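Q: The structure's right below; bear with me while I get my questions together.
Following this line, the structure appears as structure tokens:
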């Protein structure tokens, strides 16, 4: 720890650096000055990128050399490839090659991809990654290189040879630093960027959970006032899919209270303990950028403040924070699961009546050089879901976050639904299928 005088000097140096364009040089002659230099090295306020390679420029140069060697090997394979007939002396060409010849070739690229195309996509990646004319690296190509390296390590390892291993491992180091930091470097920046990306998706999630709560309360004989619920939607109709027109006609839908209720068929309910229980599953398909943004919001939401300036509480457990902090890659089949439960033994106005469990899986985030696909089917296994929700309430058997707490924590970062009427106020009247009940954000 720095002495008080040195702390004051550090503050003055930072203030000087932020208010004037001064160059400050630091020299450390012994180990006692290490703490001072470490603190003063961030005078310019530059955020620390984690995990940064020890020698990032050298790693980029290594990547450039490896790409060049890999492209050269693929070029030689294209040149040396010959057809097993009298026309073998002709040069390799996409136009004069019979597809029947390469479909049954040994060690051919996966999914019928031609070797020339395999070579061409790696050649383009290598050319885009480093500009010989400008002597500059384009780090925006790192995610593309990593995706291509992992794909070929899974599907075309026998063709790519041993060089694909070095390309993948080097690209992995660069991707771990580049991809997560595309969505912000510091927590505050990540929250701001992530909110701009997935506020609509988050609003949709909260609206659907509020919809299920209000439906359950209505069926329990308690329609609720709805004054404190910003994400409520009427029970008489399902929420529209994202991107759907609110005025779209629902073909075949009849007016009535039960038009949107679907129960389990009695013939399939023989082994079900609660056949009349209303269970719904909603599946949302989205992009990798939305998944990164959603992860950042769930992880850092408690750092912000509510609409009235109140402090927010985290919806994650300490173990959940560690899981998300250690996640560097969101691969195929990455998914979040929000499981909403209702404890009907609690009063209707008890905030613990509805709770939400949050589970997360990074998908097929395995090293293809270490994990062998089952039955060699070119498919990596998906990692199991793990619970990341807070488990602070000992009264709940399986834990979970109260829905009210989840809403208050995530609502500042969501773009809410707008309703035209109070929830369930139209329940006793006939609904016109041509009239929209939801006014979506757009």
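In my numbering, the protein residues as written are 614 to 1055. No residue lacks a Cβ here, since even glycine has one placed at the ideal position from N, Cα and C. Everything numeric in this text was worked out from a predicted model, so none of it was measured.
(1) Identify whether residue 928 lies in helix, strand or coil by the three-state DSSP scheme.
(2) Expressed to the nearest angstrom, what Euclidean distance is found between the alpha-carbon atoms of residue 734 and residue 758?
(3) Any idea if residue 612 is buried or exposed, counting beta-carbon neighbours within 10 angstroms, 16 or more meaning buried?
(4) Please report how far the alpha carbon of residue 764 lies from the alpha carbon of residue 737, in whole angstroms.
(5) When DSSP builds the beta bridges, which residues end up paired with residue 953?
(6) Rounded to whole angstroms, what's the CA-CA distance from residue 726 to residue 741? Just pull it up for me.
(7) Could you tell me which residues DSSP pairs with residue 991 in its beta bridges?
(8) What separation, rounded to the nearest whole angstrom, lies between the Cα atoms of residue 674 and residue 788?
(9) Let me make sure I understand the geometry here. Which of 971, 923, 906 and 896 has the alpha-carbon closest to that of residue 933?
(10) Which of helix, strand or coil does DSSP assign to residue 772?
(11) Around the C-beta of residue 1018, are 16 or more other C-beta atoms found within 10 angstroms, so that it is buried, or is it exposed?
(12) Who does residue 743 pair with in a DSSP beta bridge?
(13) Applying the criterion that 16 or more other CB atoms from any shown protein chain within 10 Å of the CB defines a buried residue, is residue 990 buried or exposed?
(14) Candidates 930, 977 and 1025: which alpha carbon is nearest residue 767's?
(15) Ignore the nearest five residues each way along the sequence and tell me which others in residue 762's own chain have a CB closer than 7 Å to its CB.
(16) With residue 806 as the anchor, note down where its alpha helix (DSSP H) starts and where it stops.
(17) Can you tell which of 965, 992, 728 and 792 has its C-alpha closest to the C-alpha of residue 754?
(18) Taking all protein chains shown into account, do 16 or more other C-beta atoms lie within 10 angstroms of the C-beta of residue 667, making it buried, or fewer, making it exposed?
(19) Within 10 angstroms of its Cβ, does residue 985 collect 16 or more other Cβ (buried), or is it exposed?
(20) Cutting at 8 Å between CB atoms, please list the residues of its own chain near residue 1108, excluding the five before and the five after it.
(21) If I measure Cβ to Cβ from residue 774 and keep anything under 7 Å in the same chain, skipping five residues before and after, which residues do I get?
(22) Residues in its own chain within less than 7 Å of residue 975 by CB, not counting five upstream and five downstream?
A: By the coordinates alone:
(1) Position 315 of the chain shown, counted from the start, is the residue given in the question as residue 928. Of the three classes helix, strand and coil, the one that applies to residue 928 here is coil, per DSSP.
(2) Working through the chain shown from its first residue, we reach residue 734 at position 121. Working through the chain shown from its first residue, we reach residue 758 at position 145. Cα-Cα distance, rounded: 10 Å.
(3) Nothing about residue 612 can be reported from this structure: the residues present for the chain run from 614 to 1055 only.
(4) Indexing the chain shown from 1 puts residue 764 at position 151. Indexing the chain shown from 1 puts residue 737 at position 124. Going by the C-alpha atoms only, they are around 16 Å apart.
(5) For the purposes of this step, residue 953 is identified with residue 340 of the chain shown, where counting begins at 1. Looking at the DSSP assignment, residue 953 forms a beta bridge with 969.
(6) Taking the first residue of the chain shown as 1, we reach residue 726 at position 113. Taking the first residue of the chain shown as 1, we reach residue 741 at position 128. Their Cα atoms are separated by approximately 22 Å.
(7) Residue numbering aside, residue 991 sits at position 378 when the chain shown is read from its first letter. BP columns for residue 991 are empty, so no partner.
(8) The sequence position of residue 674 within the chain shown is 61, counting from 1. The sequence position of residue 788 within the chain shown is 175, counting from 1. Residue 674 and residue 788: Cα-Cα distance of roughly 15 Å.
(9) For the purposes of this step, residue 933 is taken as the residue at position 320 of the chain shown. Nearest C-alpha to residue 933: 971.
(10) Mapped onto the chain shown, residue 772 falls at position 159. Residue state, collapsed to three classes: helix.
(11) To locate residue 1018, count along the chain shown from 1; it is residue 405. Classification for residue 1018: buried.
(12) Within the chain shown, the letter at position 130 stands for residue 743. Under the DSSP definition of a beta bridge, residue 743 partners with 750.
(13) The residue labelled residue 990 in the question sits at position 377 within the chain shown. Its Cβ having fewer than 16 others within 10 Å, residue 990 is exposed.
(14) The residue given as residue 767 occupies position 154 in the chain shown. Closest by alpha carbon: 977.
(15) Indexing the chain shown from 1 puts residue 762 at position 149. Here the set comprises 777, 780, 781 and 784.
(16) As a first step, residue 806 must be located in the chain shown, where it is residue number 193. 800-832 is the span of the alpha helix (DSSP H), which, as asked, contains residue 806.
(17) The count along the chain shown starts at 1 and reaches residue 754 at position 141. For residue 754, the nearest C-alpha among the options comes from 792.
(18) Taking the chain shown and counting its residues from 1, one reaches residue 667 at position 54. Under this definition residue 667 is an exposed residue.
(19) If you number the chain shown from 1, residue 985 lands on position 372. The residue is exposed, with fewer than 16 neighbouring Cβ atoms inside 10 Å.
(20) Absent from the structure is residue 1108, since the part of the chain shown begins at 614 and ends at 1055.
(21) For the purposes of this step, residue 774 is taken as the residue at position 161 of the chain shown. Excluding residues within five positions, the ones whose Cβ falls inside 7 Å are 686.
(22) Here residue 975 refers to the residue found at position 362 when the chain shown is read from its first residue. The beta carbon of residue 975 sits closer than 7 Å to those of 940, 942, 943, 944, 947 and 996, all from its chain and outside the five residues before and after it, given in chain order.
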